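Below: the structure, in structure tokens.
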Amino acid sequence: MDSRRPPLEVLLVEDNPGDVRLVREAMREAGLELHLRVAQDGEEALRMLFDKSPEAQRLRPNLILLDLNLPKRSGHEVLQDVKQDHDLRTIPVVVVSSAASKEDINRVYNLCANCYIRKPLDLESTLSTLRDLFTFWFERATLPLS
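Each residue of the sequence shown is one higher than the one before, counting from 8 in the numbering used here.
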């Protein structure tokens, strides 16, 4: 990665502190220069995303990791608001959730999620999946230019 480039921004929308720690560990293990911001509920995520201040614009995420089961506003609601907004809809949104019903999966894709990943049940699989996710989005995929 070009050392003159600022770290890539990741917004994690997750209310479980254990899952937040796992994401931080996977980022560290991936060896990528990433900056993580965390929103603990759907309302906080939307406030961060729709904030038009210069600082918020500087921290605009390059990738959103979104849980579905959140307090205040659900992940479905956050996803819908993001994908309906002209300025935000190009940000890739990866849903990472323990919800695995056919209805949940179809609904997030109908709301234009870029990917749906079911949270693995064991620690090593979770870390491996998250490392692969970061490698894919930040080393293999071409992200929208801001």
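Even for Gly, the Cβ is constructed at its ideal location relative to N, Cα and C.
Treat the numbers as computed from the prediction; the structure is a model and nothing was measured.
Leaving out five residues on either side along the sequence, give the residues of the same chain with a beta carbon under 6 Å from the beta carbon of Ser105. Lys126
Could you check whether the stretch 91-106 touches the stretch 65-75, counting it as contact only if at least three pairs of C-beta atoms, one from each stretch, sit closer than 8 Å? yes
For His83, tell me which candidate among Phe57, Ala52 and Leu118 has the shortest Cα-Cα distance. Leu118
Between the CA atoms of Ala52 and Gln64 - distance to the nearest angstrom: 14 Å
Taking C-beta to C-beta, are Leu15 and Phe143 nearer than 7 Å? no
Does the distance from the CB of Ile98 to the CB of Pro61 come in under 7 Å? no
Helix, strand or coil, according to DSSP, for His42 in the structure here? strand
For Val100, list the residues DSSP reports as bridge partners. Ile71
Confirm, please, whether the CB-CB distance from Leu56 to Thr133 is below 7 Å. no
Could you tell me the distance, in whole angstroms, from the CA atom of Glu50 to the CA atom of Ala120? 18 Å
Using 8 Å for Cβ pairs, my map puts Leu86 next to Val115. What's the rounded Cβ distance? 6 Å
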